[in-house]
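Numbering (our numbering), first residue to last: -2 to 322.
C-beta atoms are modelled at their ideal positions from N, C-alpha and C, and glycine is treated no differently.
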Ligand code: AQP
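Right, dumping it as C-alpha cells:
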C-alpha cells in the first residue's frame, strides 16, 4: 500500500508565492508517489473573522488554484474540510488529550494573538488540535508543509502518541516534510520575516492572482541589501537571496548559474528579469484558473467529500469505540 500524504491551505483570499512554493509546488511531485489528500481547510480560516460572502468565494477560488496548478482530483482526494464533520468531532477528542502548555508553546499562536489583539479567540488557541484531527483522521504518514507549520505537525505527532498511550494503537504517527529551498520564502518588504498573506502591506507578497503590472511593481519595490552585484549570500544579503530563491523556483536555475547570468549587472537588471520570469510562471496558472467554472468545482468537491467521508467515518468508528462512546 502506498503511503499517504495530507495537506491543506486556508481559503483566506490570497495565495502567495510562499504558499505556492511552500506547499502546492511540492504536492505536484508527491501526488505521483503518494496516496494524496488535499483539503481546503475552511474551518481553520475562521480563527480570524471572515466575511461570509468572501469566504464562500475564496473556497471556490482556492479549489480552482489547486486544479489550475496541476493537482489531479481524480487520482487524489480534493475536498473541503467543513464537508466532513468528523474533523470537528475528532478535533474535540484531541482537545481533551492535549495539554494547554503544549498549545501555549506554538509560535503561530503567539504571533497571531499579537497580530489580532481584538480577536484572540479560543479557536486560534486550539487550532493545532483541529489540524492534528485533519491529519490523524486519514492515517496520514507524511504532511508536506512550509516551515511555519512544522511545529503544528510535530504537535500532531505528540498528540497521536498521547492518544495511543491512553487508548491503544489507533493513530499513525505523522511526519512533517518540507522542501528546504522553498520552506520559508520571505516578505519582499522584509526579508527577516516570512512572506505572509496577513502582512500589513500587500507589497510583502506576490499573489498568484496578481496581474503582470502589479507583479512588476512589487518586485521593483522589493527591498534589497547593500552591495550591487548579484551574489547568493543568505546571511549577509537575505533580501537578495530571497529574490534569487524565487528566481531559482520559477526558472529552475541554480544560484551559480544565476550569478553568472547577471555578472557585471546590478539589482535593476536582475529585478526586471525576475519580474518577467515570475509573470511567465503565473500566467498559465491564471489562464487555467479562469477556464474552470464554479460548477466544475462543485462536482470535484462533492466527489472529494464523499471519498474523504468514507475514510473519516471508518476511522471515527474506531476512535469512538476505544474511547468508550
Ligand atoms: N512564506 C512562506 N514560505 C513557504 N511556505 C509558506 N506557507 C505559508 N507561508 C509560507 C505554507 O503555505 C501553506 C498554507 O498555509 P496556510 O493557509 O495555513 O497559511 P499560513 O501557514 O498561516 O501562512 P500564510 O499563508 O502566510 O498566512 P498568515 O499570514 O495568516 O500566516 C502551509 O503549508 C504553510 O506552511
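Do you know whose CA, among 167, 277, 293, 250, lies nearest residue 314's CA? On the chain shown, residue 314 is found 317 positions in, with the first residue counted as 1. Cα-wise, what sits closest to residue 314 is 167.
Counting only the same chain and skipping the five closest in sequence on each side, list residues whose C-beta sits under 7 angstroms from that of residue 294. The sequence position of residue 294 within the chain shown is 297, counting from 1. The answer, listed in chain order, is 57, 60, 61.
Could you tell me the boundaries of the beta strand (DSSP E) in which residue 141 lies? Here the question's residue 141 lines up with position 144 in the chain shown. Residues 139 to 141.
If contact is defined by three or more beta carbon pairs under 8 angstroms, each pair taking one atom from either stretch, is the region 210 to 218 in contact with the region 280 to 288? No, they do not touch.
Does the region 246 to 260 touch the region 186 to 200, meaning 3 or more C-beta pairs lie closer than 8 angstroms? Result no; under three Cβ-Cβ pairs closer than 8 angstroms.
Whose C-beta lies closer than 8 angstroms to the C-beta of residue 276 among residues of the same chain, with five residues either side of it excluded? Here residue 276 corresponds to residue number 279 of the chain shown, with the count starting at 1. Excluding residues within five positions, the ones whose Cβ falls inside 8 angstroms are 209, 212, 213.
Can you pull every residue whose C-beta falls closer than 5 angstroms to some heavy atom of the ligand AQP, listed in chain order? 6, 7, 15, 16, 19, 20, 142, 143, 145, 146, 181, 182, 191, 192, 193, 194, 195
When the Cα atoms are used, what is the spatial distance from residue 63 to residue 312? Residue numbering aside, residue 63 sits at position 66 when the chain shown is read from its first letter. Residue numbering aside, residue 312 sits at position 315 when the chain shown is read from its first letter. Near 26 angstroms, if we compare the C-alpha coordinates of residue 312 and residue 63.
Can you check whether the CB of residue 147 is closer than 8 angstroms to the CB of residue 175? Position 178 of the chain shown holds residue 175. Position 150 of the chain shown holds residue 147. For residue 175 and residue 147, yes; Cβs fall inside 8 angstroms.
Sorted by chain position, which residues of the same chain lie with C-beta nearer than 6 angstroms to residue 274's C-beta, five sequence neighbours on each side aside? Taking the first residue of the chain shown as position 1, residue 274 is located at position 277. Here the set comprises 247, 248.
Using a Cβ-Cβ cutoff of less than 8 angstroms, which residues in the same chain neighbour residue 20 once the five nearest sequence positions on both sides are dropped? The residue given as residue 20 occupies position 23 in the chain shown. So the qualifying residues of the chain are 4, 6, 141, 142, 143.
Say whether the region 122 to 131 touches the region 144 to 163, bearing in mind that this needs 3 or more beta-carbon pairs closer than 8 angstroms, one atom from each stretch. yes
Grouping DSSP H, G and I as helix and E and B as strand, with all else coil, what is residue 5? In the chain shown, the residue the question calls residue 5 occupies position 8. Looking at residue 5 - three-state DSSP - the assignment turns out to be strand.
Out of 43, 181, 158, 74, which one is the CA nearest neighbour of residue 15? On the chain shown, residue 15 is found 18 positions in, with the first residue counted as 1. For residue 15, the closest of 43, 181, 158, 74 by C-alpha to C-alpha distance is 181.
Is the beta carbon of residue 301 closer than 8 angstroms to that of residue 2? For the purposes of this step, residue 2 is identified with residue 5 of the chain shown, where counting begins at 1. For the purposes of this step, residue 301 is identified with residue 304 of the chain shown, where counting begins at 1. Not a contact, by the Cβ cut-off of 8 angstroms.
Quick one: what does DSSP say residue 297 is sitting in, helix, strand or coil? As a working note, residue 297 is residue 300 in the chain shown. DSSP places residue 297 in helix when its eight states are reduced to three.
Tell me the rounded alpha-carbon separation between residue 109 and residue 188. Here residue 109 refers to the residue found at position 112 of the chain shown. Here residue 188 refers to the residue found at position 191 of the chain shown. So the alpha carbons of these two residues sit roughly 19 angstroms apart.
Could you tell me if residue 36 is buried or exposed, where buried requires 16 or more neighbouring beta carbons within 10 angstroms of its beta carbon? Here residue 36 refers to the residue found at position 39 of the chain shown. Buried, by the Cβ-count rule.
Taking 8 angstroms as the cut-off, decide whether the C-beta atoms of residue 27 and residue 66 are in contact. Walking along the chain shown from the start, residue 27 turns up at place 30. Walking along the chain shown from the start, residue 66 turns up at place 69. No.
For residue 129 and residue 91, which I take to be in contact (beta-carbon distance under 8 angstroms), what is that distance rounded to the nearest angstrom? Position 132 of the chain shown, counted from the first residue, corresponds to residue 129. Position 94 of the chain shown, counted from the first residue, corresponds to residue 91. That pair is a contact at about 5 angstroms.
What does a CB cutoff of less than 7 angstroms around residue 221 pick up in its chain, not counting 5 residues either side in sequence? By 1-based counting over the chain shown, the position of residue 221 is 224. Around residue 221: 236, 237, 264.
My parser needs the beta strand (DSSP E) runs of 3 or more residues fully inside the region 65 to 142; what are they? 74 to 77, 139 to 141
Run the CB neighbour count on residue 266, radius 10 Å, all protein chains shown included, and call it buried at 16 or more, exposed below. By 1-based counting over the chain shown, the position of residue 266 is 269. Exposed: under 16 other Cβ atoms inside 10 Å.
Range covered by the alpha helix (DSSP H) that runs through residue 35: Taking the first residue of the chain shown as 1, we reach residue 35 at position 38. Segment 32 to 37 is the beta strand (DSSP E) holding residue 35; no alpha helix (DSSP H) there.
Of the residues 100, 198, 82, 228, which one's Cα is nearest the Cα of residue 309? On the chain shown, residue 309 is found 312 positions in, with the first residue counted as 1. When only C-alpha atoms are compared, the closest one is 82.
Count the other C-beta atoms from every protein chain shown that fall within 10 angstroms of the C-beta of residue 305, then say buried if there are 16 or more, exposed otherwise. Start at 1 with the first residue of the chain shown, and residue 305 comes out as number 308. Answer is buried; the Cβ neighbour count reaches 16.
If you draw a straight line from the C-alpha of residue 171 to the C-alpha of residue 138, how long is it? Position 174 of the chain shown holds residue 171. Position 141 of the chain shown holds residue 138. The alpha-carbon atoms of residue 171 and residue 138 are separated by roughly 5 angstroms.
Rank 96, 86, 120 by C-alpha distance to the C-alpha of residue 320 and give the top, closest one. As a first step, residue 320 must be located in the chain shown, where it is residue number 323. For the residues 96, 86, 120, the minimum Cα distance to residue 320 belongs to 86.
Alpha-carbon spacing of residue 70 relative to residue 297, whole angstroms: Counted from its first residue, the chain shown places residue 70 at position 73. Counted from its first residue, the chain shown places residue 297 at position 300. Going by the C-alpha atoms only, they are around 7 angstroms apart.
Thinking just about the alpha-carbon of each residue, which of 262, 271, 230 is nearest to the one in residue 245? Locating residue 245 in the chain shown gives position 248, where the first residue counts as 1. Residue 271 is the option with its Cα nearest to residue 245.
Residue burial classification, residue 78 (beta-carbon count within 10 angstroms, cutoff 16): What you label residue 78 is simply residue 81 of the chain shown in a count that begins at 1. The residue in question, residue 78, is buried, as its Cβ has 16 or more Cβ neighbours within 10 Å.
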